[in-house]
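Report on one structure; see the data block that follows.
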Amino acid sequence: MKQYHLFKYANGKSLAEINGSVEVPKNKGFLRTLLAYTGPGALVAVGYMDPGNWATSINGGQSFQFLLISTILLSSLMAMLLQNMSAKLGIVTQLDLAQAIRLHTDKFLSVILWLIAELAIMATDVAEVIGAAIALNLLFKIPLIVATLITILDVLFLLFLSKIGFRKIEILVSCLIFVILFIFAYEVILSRPNWINIGVGLLPSSKILEKTPIIGGISPLSGSLGIIGATVMPHNFYLHSGICQVRKIDSRNSKEIRQAVKYTEADSNIQLTVAFIINSLLLIMGAAVFKSGVVQDNSFFGLYAALNNTAMLSNPILINVAKTGALSTLFAIALLASGQNSTITGTLTGQLVMEGFIHLNMPMWARRLITRLFSVIPVIICVSLTAKDSIARQHFVLNMLMENSQVFLAFAVPFTIIPLLILTDSKKLMGEFANSYVVSVLGWSSSLILIFLNLYNLPETFETFNFCNPDLAKVVAYLIIAIILFLLVWTCVEMLGVDISKLRRKFVLSNRRI
Numbered sequence: 057m058k059q060y061h062l063f064k065y066a067n068g069k070s071l072a073e074i075n076g077s078v079e080v081p082k083n084k085g086f087l088r089t090l091l092a093y094t095g096p097g098a099l100v101a102v103g104y105m106d107p108g109n110w111a112t113s114i115n116g117g118q119s120f121q122f123l124l125i126s127t128i129l130l131s132s133l134m135a136m137l138l139q140n141m142s143a144k145l146g147i148v149t150q151l152d153l154a155q156a157i158r159l160h161t162d163k164f165l166s167v168i169l170w171l172i173a174e175l176a177i178m179a180t181d182v183a184e185v186i187g188a189a190i191a192l193n194l195l196f197k198i199p200l201i202v203a204t205l206i207t208i209l210d211v212l213f214l215l216f217l218s219k220i221g222f223r224k225i226e227i228l229v230s231c232l233i234f235v236i237l238f239i240f241a242y243e244v245i246l247s248r249p250n251w252i253n254i255g256v257g258l259l260p261s262s263k264i265l266e267k268t269p270i271i272g273g274i275s276p277l278s279g280s281l282g283i284i285g286a287t288v289m290p291h292n293f294y295l296h297s298g299i300c301q302v303r304k305i306d307s308r309n310s311k312e313i314r315q316a317v318k319y320t321e322a323d324s325n326i327q328l329t330v331a332f333i334i335n336s337l338l339l340i341m342g343a344a345v346f347k348s349g350v351v352q353d354n355s356f357f358g359l360y361a362a363l364n365n366t367a368m369l370s371n372p373i374l375i376n377v378a379k380t381g382a383l384s385t386l387f388a389i390a391l392l393a394s395g396q397n398s399t400i401t402g403t404l405t406g407q408l409v410m411e412g413f414i415h416l417n418m419p420m421w422a423r424r425l426i427t428r429l430f431s432v433i434p435v436i437i438c439v440s441l442t443a444k445d446s447i448a449r450q451h452f453v454l455n456m457l458m459e460n461s462q463v464f465l466a467f468a469v470p471f472t473i474i475p476l477l478i479l480t481d482s483k484k485l486m487g488e489f490a491n492s493y494v495v496s497v498l499g500w501s502s503s504l505i506l507i508f509l510n511l512y513n514l515p516e517t518f519e520t521f522n523f524c525n526p527d528l529a530k531v532v533a534y535l536i537i538a539i540i541l542f543l544l545v546w547t548c549v550e551m552l553g554v555d556i557s558k559l560r561r562k563f564v565l566s567n568r569r570i
């Protein structure tokens with residue numbers, strides 16, 4: 057009798073069920089070859105436009121008009137550079153990032169890095185649960201607790217997707233992205249924004265680093281930090297290094313590897329450009345769709361209500377369309393589409409980090425069900441505890457849960473991008489495909505900036521949690537920063553193969569000579 061096991065040992069190819077399953081043409085034209093490689097970039101781009109990004113971008117537009125578009129541009133360029141490294145690592149080594157880190161670290165550290173990655177995935181999933189539950193509530197008037205529980209059923213959606221083939225999943229995700237793009241482009245075009253001012257906003261300015269003025273509860277600096285934190289998603293680097301291996305190539309043939317790297321990077325850059333456009337549209341919505349400063353509730357509920365409130369809208373065209381309910385309905389549909397896209401990519405990433413770090417495999421449906429159950433619990437607790445409070449209070453608490461859950465992403469960022477740089481800089485591992493000097497300098501500069509900004513914002517973020525007095529919150533934040541830096545140094549030492557005992561002996565001998 058056949059036995060079924062939930063957990064299986066896994067130490068083979070990345071995403072073995074679909075690895076090398078998509079054929080690519082040889083000696084064909086550029087467009088036909090690019091089309092064959094198009095798809096993984098769309099799954100990666102989903103992480104850059106998930107529900108966690110929406111509030112930060114729209115709030116940034118409401119508060120500072122088009123000033124922070126340059127922040128979206130800079131963070132998108134950093135993301136393109138690092139995502140290209142991630143894809144290159146997967147194609148050249150036939151290892152995903154989790155597998156590659158596991159090979160260069162001991163078992164104990166690998167388990168710690170796995171837990172950090174899992175926390176980041178669950179934090180992202182909390183935003184998806186909140187977004188999907190609110191979208192269901194807005195579209196179909198389903199009570200929030202019921203809508204939250206319904207989000208668990210997306211495991212059935214994933215079971216269906218697992219049967220139709222990976223290429224069709226890529227097409228479905230791409231279609232949902234273009235639904236989101238169309239909806240926000242339509243609403244922005246109706247608002248008739250000042251395109252000259254938008255162009256000026258794309259130019260980086262020192263104003264984005266200023267701590268004053270504080271409008272809508274944020275300064276230009278905190279708004280920029282929020283956008284960067286919501287844009288660069290650590291789990292995307294694990295994802296990209298795995299799904300780029302779905303294309304079937306001869307990993308011993310340098311010509312085929314070069315072609316795969318070239319077209320995979322092109323796909324990634326195109327899709328992340330679409331993500332940049334969508335995030336920019338969200339910010340432009342905040343600046344141009346609504347009258348300046350009128351949106352006090354930046355939660356999804358508040359934005360939905362504002363799109364129905366003609367007194368808040370900026371011009372007669374928007375007002376006429378809003379009377380039909382189209383603006384708010386389209387917004388809710390885009391929110392639901394974004395949540396479903398993120399569900400697919402979050403599950404794949406969870407599978408990659410579990411197999412790569414601790415060599416365990418689970419069926420996709422089981423993996424999704426466990427992750428979703430952990431993510432649903434805090435949302436249900438928040439909804440239950442505020443059930444008797446005012447509607448405004450419920451909206452505020454859910455919004456704070458979503459924003460605070462994203463703090464875990466700041467913890468995870470250093471442990472993905474630093475190992476990624478160490479690995480892709482290595483000529484021993486990457487050969488001719490190792491990062492060039494210019495790419496390496498840009499990569500390290502971008503990474504150190506991202507890490508600094510993420511950690512710099514932690515003390516202020518911890519103060520907003522209100523779990524203790526502000527001074528104690530700062531102490532806790534600095535303690536966590538110290539732990540992160542310790543773990544990061546430990547990771548670098550192991551990945552670089554530094555022999556600590558040998559260094560200690562050299563240090564002792566040098567002191568004796570002195």
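Here our numbering is used: the first residue of the sequence shown is 57, the next is one more, and so on.
C-beta: ideal position from N, C-alpha, C; glycine also.
Under 8 Å between C-beta atoms of residue i and residue j
i, j, result
"Ala344", "Pro249", "yes"
"Leu328", "Ser132", "yes"
"Gln118", "Phe471", "no"
"Gly298", "Leu205", "no"
"Ala390", "Ile239", "yes"
"Val256", "Ser431", "no"
"Ile270", "Ile125", "no"
"Asn371", "Ser384", "no"
"Ser394", "Asp106", "yes"
"Gly342", "Gly187", "no"
"Ala388", "Leu87", "no"
"Ala468", "Leu175", "yes"
"Ile177", "Leu339", "no"
"Phe332", "Ile128", "yes"
"Ala322", "Arg303", "no"
"Phe413", "Ser166", "yes"
"Ala92", "Val80", "yes"
"Phe518", "Ala538", "no"
"Leu145", "Leu506", "no"
"Ala382", "Leu369", "no"
"Asn335", "Asn109", "yes"
"Val351", "Val229", "no"
"Leu90", "Tyr319", "yes"
Identified DSSP bridge partners for residue i
i, result
"Phe346", "Leu369"
"Arg428", "In DSSP, Arg428 forms no bridge with anything."
"Val78", "Arg303"
"Ile271", "Ile274"
Residue nearest to residue i in terms of C-alpha spacing, selected from the options
i, options, result
"Asp481", "Ala468, Ser496 and Leu175", "Ser496"
"Lys224", "Leu99, Gly395 and Lys82", "Leu99"
"Val309", "Thr149, Phe164 and Val167", "Val is not the amino acid found at residue 309; the sequence shown has Asn there. Residue Thr149 is the option with its Cα nearest to Asn309."
"Leu192", "Phe508, Phe357, Leu237 and Gly85", "Phe357"
"Tyr104", "Ile208, Lys163, Pro199 and Ile233", "Ile233"
"Gly402", "Thr380, Tyr294, Leu477 and Leu169", "Tyr294"
"Ser142", "Val532, Asp527 and Gly499", "Gly499"
"Pro290", "Lys197, Met551 and Met136", "Met136"
"Leu200", "Cys548, Trp421, Leu123 and Leu454", "Leu454"
"Phe120", "Leu169, Tyr242 and Ser280", "Ser280"
"Leu337", "Lys263, Leu259 and Leu246", "Leu246"
"Arg423", "Gln139, Ile208, Ile190 and Glu243", "Ile208"
"Ser77", "Ile326, Gln301 and Leu509", "Gln301"
"Tyr493", "Val330, Met456 and Ile478", "Ile478"
"Gly140", "Leu541, Ala490 and Glu519", "One point to set straight first is that residue 140 is Asn, not Gly, in the sequence displayed. Per the Cα distances, Ala490."
"Phe542", "Leu169, Glu79 and Leu145", "Leu169"
"Val439", "Leu425, Met458 and Gly68", "Met458"
"Ser355", "Asn525, Gly146 and Ile190", "Ile190"
"Ala361", "His451, Leu404 and Trp421", "His451"
"Gly221", "Asn75, Lys84 and Leu528", "Asn75"
"Thr547", "Trp421, Lys318, Leu145 and Lys163", "Lys163"
"Ala173", "Gly406, Thr112 and Cys524", "Gly406"
"Phe571", "Ile147, Trp421, Glu243 and Ile473", "With the chain represented from 57 up to 570, any question about residue 571 goes unanswered, as that position is not in the structure."
"Gly68", "Asn417, Ala241, Ile373 and Arg428", "Asn417"
Nearest-angstrom beta carbon gap, residue j and residue i [assumed within contact, 8 Å]
i, j, result
"Pro96", "His296", "7 Å"
"Ser398", "Thr94", "Wrong, their Cβ atoms sit about 20 Å apart, outside the cutoff."
"Met410", "Thr161", "So it is not a contact: roughly 16 Å between Cβ atoms."
"Val330", "Leu237", "6 Å"
"Val586", "Val185", "Because residue 586 is not part of the residues shown, which for the chain are 57 to 570, the question remains open."
"Lys263", "Leu123", "6 Å"
"Leu260", "Leu386", "It is Pro, not Leu, that sits at residue 260 in the sequence shown. At roughly 32 Å, the Cβ-Cβ gap does not stay under 8 Å, so Pro260 and Leu386 are not in contact."
When you compare the segment 507 to 514 with the segment 280 to 291, are there three or more beta-carbon pairs, one atom per stretch, that lie closer than 8 Å? yes
Taking 8 Å as the cut-off, does the segment 137 to 157 touch the segment 484 to 498 (at least 3 CB pairs, one atom from each stretch)? Flag = yes, the segment 484 to 498 and the segment 137 to 157 touch.
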